[in-house]
Each structure stands twice: as C-alpha cells, then as structure tokens.
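Engineer:
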Amino acid sequence: MRIGQLARITGVKSETIRFYEREGILAAPPRTKANYRDYGPAEEARLTFIRRARDLGFSMARIRELLDLSDDADRSCAGIDALARSHLGEVERKIASLEALRTELGRMIAACEQDTVGDCRIIDALAGTAEP
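Counting from 1, position 11 in the sequence shown corresponds to residue 11 in full-length UniProt numbering; the numbering is continuous, with no gaps.
#1: Use the C-beta contact count for I95: other C-beta atoms within 10 angstroms, 16 or more gives buried, fewer gives exposed.
#2: Is it right to say P30 is buried, meaning 16 or more other beta carbons lie within 10 angstroms of its own, or is it exposed?
#3: Under three-state DSSP, which class holds R31?
#4: With 16 other CB atoms within 10 Å as the buried threshold, where does I9 fall?
#5: Helix, strand or coil for R121 per DSSP?
#6: Would you identify the three-state DSSP class for R2, choosing helix, strand or coil?
#7: Considering only C-alpha positions, which residue in the set L101, D71, S97 and R64 is nearest to L83?
#8: In whole angstroms, what is the alpha-carbon distance linking A111 and R121?
#9: Quick one: measure Cβ to Cβ for V12 and R51, integer angstroms, because I've assumed they're closer than 8 Å.
#10: I'd like to know whether the C-beta atoms of R46 and L26 end up nearer to each other than 8 Å.
#11: Just reading off the alpha helix (DSSP H) that D68 is part of, what are its end residues?
#12: Between which residues of its own chain and S86 is the CB-CB distance below 7 Å, once the five residues before and five after are set aside?
#13: Confirm, please, whether the CB-CB distance from L69 to M75 is below 8 Å.
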C-alpha cells in the first residue's frame, strides 16, 4: 500500500511516517517500479504500535526502547514492564502536579471578590502580594 493509505489506516500523517523512517523507528519499505513506497502489514502493525505508544504519552526515546525490546518474542518482558512502570510514575507525578495547580487556581478564584482590578485577589496572588 502507498503512504497515503497507510496514513489513513493508522491515523498517522504521511510526513510523520517519513520522519519515523528517517529516525530509523520504521524501516524504509521497498519501492515499486514507479518508485513509490510499498508498505505492508508489518509496517502497518509497527506504525500502529508507535501511534498507540505516543497516545499513551511515551517519549520517542522510550518508544524506541519498547520497539527494540519487542523485536525478540522470546525475551523476558521485564524490561518492558520496567519502562511501563517508570512511565506510570511520570504520569502519576504529572497528575499530582495538575491537582495542586487546580487547587491553587480554585483558591485564587474563590478569593476573588470580582470588584476592581486594583483589588483583584487573582492578580495579587500571581504577583506574589496576596495575603494568605
């Protein structure tokens, strides 16, 4: 199949597919006599893997590691498990940070009396001049 069809099937843009090829994450497929890229089921499966990993927030470096680890079906999955656990820890830290951000924004909004900008508690809090 050509790159446009692969892009439609996998939900990955053609330029991103070319980028993955340049980065060596996706092997360059054979070419047709007309010099078009000719993708098959293996490239579709690998690209779907990459897209799903990106959707889960894995970095390109981590995806490269996951792909390297997944290329040997007889290998222990301990390395993959360790990468997933590490990523989960990062996600949990981000969630905690966002929850703290939500709490602080809620506190600032609750302190706002919606009077004038000169008396705005949100502006005071952002400027570091708000009273606790």
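We put the CB at the ideal spot given by N, CA and C, even for glycine.
Structural biologist: According to the structure shown:
#1: exposed
#2: exposed
#3: strand
#4: exposed
#5: helix
#6: coil
#7: R64
#8: 6 Å
#9: 5 Å
#10: yes
#11: M60 to S70
#12: none
#13: Before going further, note that residue 75 is Arg rather than Met in the sequence given. In contact: R75 and L69 (Cβ atoms closer than 8 Å).
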